[in-house]
Amino acid sequence: MSAITVNQDLSLLNLISSASLPVQLIMVVLLLTSFLSWWFIFRKMFVIRYTIKQSDEFEDIFWRGADLHTLYQRAANARYSSGSMERIFEAGYREFAKHAPGTDVSTVMDGTRRAMRATYQREMDKLELHLSFLATAGSVSPYIGLLGTVWGIMNSFRSLSNMTQATIAHVAPGIAEALIATAMGLFAAIPAVIAYNRYASDIDQLATRYESFMEELSNVLQRRVAE
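Here full-length UniProt numbering is used: the first residue of the sequence shown is 1, the next is one more, and so on.
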């Protein structure tokens, strides 16, 4: 049973500190989940923005007709600071340049596409990192909070068995502290769901851009082999 009495302060901090141990543990889990969610939300926001900016810049240079070998050298020299699209280009062009003149066109292009596809998958894995945590936090946190609420309400009603006359004033503090767990669950879940949906959409758009770029680059390189 909660230690709160009818005459006690019903401030938020007092309700939390007076909650039963299981409810407090659930609140701690929700606080940690919320903290990690916001950390990944801001981190992912900067990563996606930076990736989009790099892709825009590289595509602009590529379609202005820059020499492919010069672009490849630039990408190879800046491997750790280049963007995802630039690394996909580097992987494809490196594989393309390995084949000697006169090699069958289909052999050259198959190897080039496989190299780009492998790099593309690695880049997508990086972009999708921690998205699963946001999805899990968004779907599970309300239920964890609800568990804390149910536990707290059960304790409140159990305490009524020791009273000859029960009023709403006797159970209100216990119910209030229990409902805090639900509020914390929603606080952890709502930003995570919004961020997950937004970032998943942004990543899908980037994936479409990368796939289109790989097809366009394949066409450019295939024409070069055929010359």
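All C-beta atoms in this analysis are idealised placements derived from N, C-alpha and C, irrespective of residue type, glycine included. None of these values were measured; they are calculated from a predicted model.
Element boundaries [alpha helix (DSSP H), containing residue 66]
From DSSP, residue 66 is part of no alpha helix (DSSP H); its letter is neither H nor E.
Can you look up residue 106 in the DSSP assignment and give me helix, strand or coil?
Three-state DSSP puts residue 106 in a helix.
Do residue 120 and residue 88 count as a contact pair if the criterion is CB distance below 8 Å?
Yes, Cβ-Cβ distance for residue 88 and residue 120 is below 8 Å.
Cα separation between residue 30 and residue 145?
Rounded to whole angstroms, the separation of the alpha carbons of residue 145 and residue 30 is 7 Å.
Cβ atoms of residue 152 and residue 189: under 8 Å apart, would you say?
Their beta carbons are not under 8 Å apart, which means residue 189 does not touch residue 152 by this criterion.
Burial state of residue 129 (16 or more Cβ within 10 Å)
By the 16-neighbour rule on beta-carbons within 10 angstroms, residue 129 is exposed.
Considering only the beta carbon of each residue, do residue 33 and residue 132 sit closer than 8 Å?
Cβ atoms of residue 33 and residue 132: not closer than 8 Å.
Grouping DSSP H, G and I as helix and E and B as strand, with all else coil, what is residue 76?
In the structure shown, residue 76 sits in a helix (DSSP, three-state: H, G or I).
The segment 90-103 touching the segment 112-126, judged by at least three CB pairs closer than 8 Å
Counting Cβ pairs under 8 Å, three or more are found: they touch.
The alpha helix (DSSP H) that contains residue 82, what's its start and end?
Counting along the chain, residue 82 falls outside any alpha helix (DSSP H), and DSSP gives it neither H nor E.
Residues near residue 38 in its chain [Cβ-Cβ closer than 8 Å; skip 5 each side]:
Here the set comprises 191.
Euclidean distance between Cα positions of residue 90 and residue 46:
So the alpha carbons of these two residues sit roughly 24 Å apart.
Rank 205, 148, 135, 68 by C-alpha distance to the C-alpha of residue 218 and give the top, closest one.
The candidate whose alpha carbon is nearest that of residue 218 is 68.
Can residue 127 and residue 180 be called in contact, C-beta distance under 8 Å?
Going by C-beta atoms, residue 127 is not nearer than 8 Å to residue 180.
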